[in-house]
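Trainee: 1 is the number of the first residue of the sequence shown in UniProt numbering; add one for each residue after it.
Structure below; questions to follow.
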Amino acid sequence: MDYFNYQGDTLFAEELPVNELAEQYGTPLYIYSRATLERHYKAYDDALGAHPHLICYAVKANSNLAVLNVLARQGSGFDIVSVGELERVLAAGGDPAKVIFSGVGKQPDEMRRALQVGIKCFNVESEAELERLNDVAGSMGVKAPVSLRVNPDVDAKTHPYISTGLKENKFGISIDRAEDVYRKAAALPHLDVRGVDCHIGSQLTDSTPFLDALDRLLVLIDRLAEQGITIDHLDLGGGLGVRYDDETPPEPGDYASLVLERLGERQLTLIMEPGRSIAANAGILVTRVEYLKPTEAKNFAIVDAAMNDLLRPSLYSAWQAIIPVVKPAADKETQSYDLVGPICETGDFIGKDRELALEQGDLLAVRSAGAYGFAMSSNYNSRNRAAEVMADGSQSYLVRRRETFAQQIAGESVLPG
Ligand code: LLP
């Protein structure tokens with residue numbers, strides 16, 4: 001559930017008419033809802049209840065400082081994959097002691113900074129990384145807290161680009177090797193083995209793959225215990241899907257109770273790293289129709305948002321709902337439109353074959369755009385990146401100014417004369 005609903009014919013973001021926000025801040029415009037972010041965070045937090053747990057929001061989904069700050073105020077931890085994400089968490093008032101560092105390519109400087117600020121744990125993804133982390137921690141005279149990201153070889157049954165828990169994926173350490181690598185980690189002097197981690201993919205709409213992975217990890221944890229390697233926490237990653245169209249992903253509550261049931265008597269702190277299920281439906285992208293272009297083959301509506309603003313449709317053929325900001329009169333005839341951006345690529349589309357009643361100048365809202373929307377935006381075709389606004393009840397806050405041309409070229413220079 002989210003707080004983007006119609007009042008009469010007009011779409012509202014919490015208590016604010018979206019057309020007024022579009023006039024005030026311009027388009028393309030990302031609008032987030034604070035109440036929705038909080039609601040989604042609480043769904044996880046409540047679901048895990050009294051069981052020791054930490055929700056580490058996956059910063060990659062939406063790393064705007066205001067989004068991170070809203071979650072930090074709820075007590076959220078953060079899953080990061082770069083030092084840039086770490087600095088964002090710190091700048092947003094996040095607690096470094098609740099930060100988990102994932103990712104296959106951590107560099108020595110990134111490790112150093114994370115150790116310096118005292119993060120909770122590194123999710124180590126290879127044996128080479130384990131050795132590098134041991135060296136870096138040793139050079140600082142500290143012990144690095146580690147989990148191994150175990151690749152459990154389960155099929156997440158999602159888009160191949162966002163499936164991460166199969167043998168052939170680059171992520172994690174094969175479950176067949178995991179015991180050996182844990183023994184190695186336990187023997188390294190500057191590492192402190194704390195947890196077991198996995199993340200099998202994103203936009204999962206069924207709990208079976210999660211539970212299959214969990215079963216494998218629990219076998220591993222029990223075997224490690226027999227060898228005197230005690231695991232304090234189990235990090236199940238993110239991946240819970242959201243409803244873009246007619247998907248019916250498990251609710252965080254249902255998922256959590258299945259997980260808790262399987263943990264049984266084990267004294268394990270549970271960590272989860274949700275990104276999409278917290279942020280996606282807490283955001284919309286508002287765009288304006290620039291031109292209608294009927295052709296022999298198709299009706300195009302050329303809108304002012306493009307693949308540089310929202311890449312998911314182009315990259316994954318992802319489907320996101322596109323709705324009018326002000327509903328047209330009921331008797332206005334609809335037509336099937338391809339909504340395309342101004343970028344010079346045939347793959348630049350936001351939606352295809354959508355039944356809409358459109359006129360030049362109309363505003364449209366792309367739903368479920370709060371995750372992997374702005375975060376994946378670029379300057380392709382030298383377009384300035386969009387503005388971002390947070391709706392909070394009857395107040396709106398500009399949380400990222402629309403980029404200017406001067407900002408876009410700030411780091412560039414021409415050759416000397
Ligand atoms: N933890 C790790 C280690 C991850 O790699 C990811 C996402 C998450 C947590 C959060 O997963 P979520 O709860 O959001 O599913 N750009 C793609 C999604 C890529 C996901 C990458 N990893 C998309 O737009 O669909």
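Glycine is no exception: its CB is placed at the ideal position from the N, C-alpha and C atoms.
Look at Leu16 and Ser394 and say whether their C-beta atoms are less than 8 Å apart.
Mentor: In contact: Leu16 and Ser394 (Cβ atoms closer than 8 Å).
Trainee: Are the region 34-51 and the region 297-314 in contact at 8 Å, needing three or more beta carbon pairs?
Mentor: Taking 8 Å as the limit for Cβ pairs, the verdict is that the region 297-314 does not touch the region 34-51.
Trainee: Return the CA-CA distance between Gln107 and Tyr316, expressed in angstroms with no decimal places.
Mentor: So the two alpha carbons sit approximately 29 Å from each other.
Trainee: Could you pull out every residue in the same chain whose Cβ sits closer than 8 Å to the Cβ of Ala144, ignoring the five residues on either side in sequence?
Mentor: So the list reads Met111, Leu115, Phe122, Leu133, Asn134, Val136, Ala137, His190, Leu191, Asp192, once near-sequence residues are dropped.
Trainee: Between Glu127 and Val181, is the Cβ-Cβ spacing less than 8 Å?
Mentor: Contact flag set, yes.
Trainee: Give the straight-line distance between the Cα atoms of Ala97 and Ser76, rounded to the nearest whole angstrom.
Mentor: Each residue's Cα considered, the two are about 11 Å apart.
Trainee: In the structure shown, what three-state DSSP assignment does Ser368 receive?
Mentor: In this structure, Ser368 counts as coil in the three-state DSSP scheme.
Trainee: From the DSSP output, in three-state form, read off Ile175 for me.
Mentor: Note: Ile175 maps to helix in three-state DSSP.
Trainee: Is Pro274 close to ligand 1? I mean its beta-carbon at under 7 Å from any heavy atom of the ligand.
Mentor: The answer is yes for Pro274.
Trainee: How would you label Met390, buried or exposed, when you count the other beta carbons within 10 angstroms and need 16 or more for buried?
Mentor: Flag for Met390 reads buried.
Trainee: Just to confirm my understanding: we take Arg400, look at its own chain, exclude 5 residues before and 5 after, and list those with CB closer than 7 Å. What are they?
Mentor: Taken in chain order, the residues that qualify are Asn64, Ala387, Glu388.
Trainee: Would you check if the distance between the CB atom of Ala22 and the CB atom of Val325 is smaller than 8 Å?
Mentor: In this structure, Val325 lies closer than 8 Å to Ala22 by Cβ.
Trainee: If I'm right that Gln320 touches Ala369 with Cβ under 8 Å, what's the distance once you round it to whole angstroms?
Mentor: Between Ala369 and Gln320 the Cβ distance is about 6 Å, and since that is below 8 Å, they are a contact.
Trainee: Asn123 lies in the beta strand (DSSP E); which residues open and close that run?
Mentor: 121-124 is the span of the beta strand (DSSP E), which, as asked, contains Asn123.
Trainee: Do Ser317 and ligand 1 come close, with the Cβ less than 7 Å from some heavy atom?
Mentor: Ser317 Cβ: outside cutoff for every heavy atom of ligand 1.
Trainee: With distances taken between CB atoms, is the gap from Asn299 to Asn379 smaller than 8 Å?
Mentor: Cβ distance not < 8 Å, so Asn299 and Asn379 don't count as in contact.
Trainee: Run through the region 268-307 for me and flag every whole alpha helix (DSSP H) of 4 or more residues, listed as ranges in chain order.
Mentor: Qualifying alpha helix (DSSP H) stretches, in chain order: 276-279.
Trainee: Classify Thr27 as buried or exposed, calling it buried when 16 or more other Cβ atoms lie within 10 Å of its own Cβ.
Mentor: Buried, since its Cβ has 16 or more Cβ neighbours within 10 Å.
Trainee: Quick one: any contact between the region 209-217 and the region 257-276, if contact means 3 or more CB pairs under 8 Å?
Mentor: These segments touch.
Trainee: Give a single yes or no on whether Ala348 has its beta carbon closer than 7 Å to a heavy atom of ligand 1.
Mentor: Inspection of the sequence shows that residue 348 is occupied by Asp rather than by Ala. Incorrect: Asp348 has no Cβ contact closer than 7 Å to ligand 1.
Trainee: For the candidate residues Gly141, Thr287, Tyr44, Ala50, whose alpha-carbon lies nearest to that of Leu71?
Mentor: The shortest C-alpha separation from Leu71 is found at Tyr44.
Trainee: Helix, strand or coil, according to DSSP, for Ser147 in the structure here?
Mentor: DSSP places Ser147 in strand when its eight states are reduced to three.
Trainee: Quick test of the definition: if touching needs 3 or more C-beta pairs under 8 Å, does the region 263-274 touch the region 338-353?
Mentor: No: the two stretches stay apart, fewer than three of their Cβ pairs being nearer than 8 Å.
Trainee: Taking the alpha-carbon of Leu292 as reference, which of Val286, Gln360, Ser382 has the nearest alpha-carbon?
Mentor: Closest by alpha carbon: Gln360.
Trainee: According to DSSP, is Glu87 helix, strand or coil?
Mentor: Glu87 falls in the helix class under three-state DSSP.
Trainee: Is the region 349-356 touching the region 327-335 in the sense that three or more CB pairs, one from each, lie closer than 8 Å?
Mentor: Judged by Cβ distances under 8 Å, the region 327-335 makes contact with the region 349-356, as three or more pairs qualify.
Trainee: Candidates Ala61, Lys42, Lys60: which alpha carbon is nearest His53's?
Mentor: The option with the nearest alpha carbon to His53 is Lys42.
Trainee: With a 10 Å radius around its C-beta and 16 neighbouring C-beta atoms as the bar for buried, classify Arg266 as buried or exposed.
Mentor: Exposed.
Trainee: Assign His40 to one of three DSSP states: helix, strand, or coil.
Mentor: Reduced to three states, the DSSP call for His40 is helix.
Trainee: Which residue marks the beginning of the beta strand (DSSP E) containing Glu355, and which one marks its end?
Mentor: Taken as a continuous stretch (DSSP letters only), the beta strand (DSSP E) holding Glu355 covers 349-356.
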